[in-house]
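This report refers to the structure that appears directly beneath it.
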Amino acid sequence: MAEDKKVNIPESELNVLKEKAARVDESLDKMLRLQADYENRKKRQEREKLDFLKFANENLITKLLRVMDDFERAIDSAKNSSDAKVLLEGLEMVRHDFKDIMEENGLKVIDPNGQPFDPDKHEAIEHIEDDGHPANTVLEVMRRGYELNGKILRPAAVKVSKKKEENKSEEEI
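All residue numbers for the sequence shown refer to the numbering used here, where the first residue is 2 and numbers rise by one.
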């Protein structure tokens with residue numbers, strides 16, 4: 002068996018070691034508290050992010066409730082009237098309100114009629130021979146496109162002009 006030897010450390014050195022050990026304990030305690038604070042902040046930020054995503058559309062949905070009310074009034078009005086014009090006027094008012102709300106929230110209609118075809122904003126549904134317009138001009142919008150705050154949500158579906166093909170000569174046939 003090994004003998005336990007006692008080491009005599011001078012009192013001044015022992016005090017220095019005790020001081021250093023206390024500082025190490027204090028630093029470790031600070032580090033553990035900082036780590037706990039970091040973890041708590043991270044969890045809080047994640048909760049806040051989830052809450053933000055959950056309620057991000059609250060303002061928009063609240064405004065759309067007004068459109069829903071208008072639809073219900075238009076339907077009730079149409080039930081009590083045989084005049085199709087009354088129904089049409091009601092629907093046009095609802096569409097106008099709906100469009101205003103969407104524009105207030107950053108939605109923009111892509112209306113490329115007569116403009117050069119842009120594959121980033123338009124989807125060519127059909128190419129039509131047309132000498133009355135330059136090649137790759139949007140002739141007709143088949144389905145509106147939309148962008149939200151500059152981001153394309155849906156490209157406009159369009160008919161695009163192309164130059165008439167020359168009649169093939171008999172040699173080519």
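Yeah, the Cβ is synthetic: ideal placement off N, Cα and C, and Gly gets one too.
- Taking C-beta atoms under 8 Å as the contact rule, Val159 and Ala125 qualify, at a distance of about 6 Å.
- For the 7 Å CB-CB criterion, Pro113 and His123 form a contact.
- Val95 sits in a helix when the DSSP states are folded into three classes.
- Ranking Val110, Leu154, His128 by CA distance to the CA of Arg145 puts Val110 first.
- Bridge pairing for Lys160: Glu127, Glu141 [DSSP].
- A contact is defined here as three or more CB-CB pairs under 8 Å, and the segment 69-82 fails this definition with respect to the segment 114-121.
- In the structure shown, Lys109 adopts extended strand secondary structure according to DSSP, grouped into three states.
- Closest option to Arg155, judged by alpha-carbon separation, among Leu108, Val161, Arg96: Leu108.
- DSSP places Glu20 in the uninterrupted alpha helix (DSSP H) bounded by 12-56.
- Around the beta carbon of Thr63, fewer than 16 other beta carbons sit within 10 angstroms, so the residue counts as exposed.
- Assigned with DSSP and collapsed to three states, Lys152 falls in strand.
- Ser78: member of the alpha helix (DSSP H) spanning 59-80, first to last residue.
- Restricting attention to Phe99, Leu54, Asn106, the CA atom closest to the CA of Gly151 is found in Asn106.
- Here Pro117 is bridged, per DSSP, to Thr138.
- Contact between Val68 and Asp98 holds: their C-beta atoms lie close to 5 Å from each other, under 8 Å.
- For Val95, the closest alpha carbon among the candidates Glu12, Lys43, Glu73 is that of Glu73.
- For Val142, the number of other beta carbons within 10 angstroms of its own is at least 16, and it is reported as buried.
- Of the other Cβ atoms in all chains shown, fewer than 16 fall within 10 Å of the Cβ of Ser28; this residue is therefore exposed.
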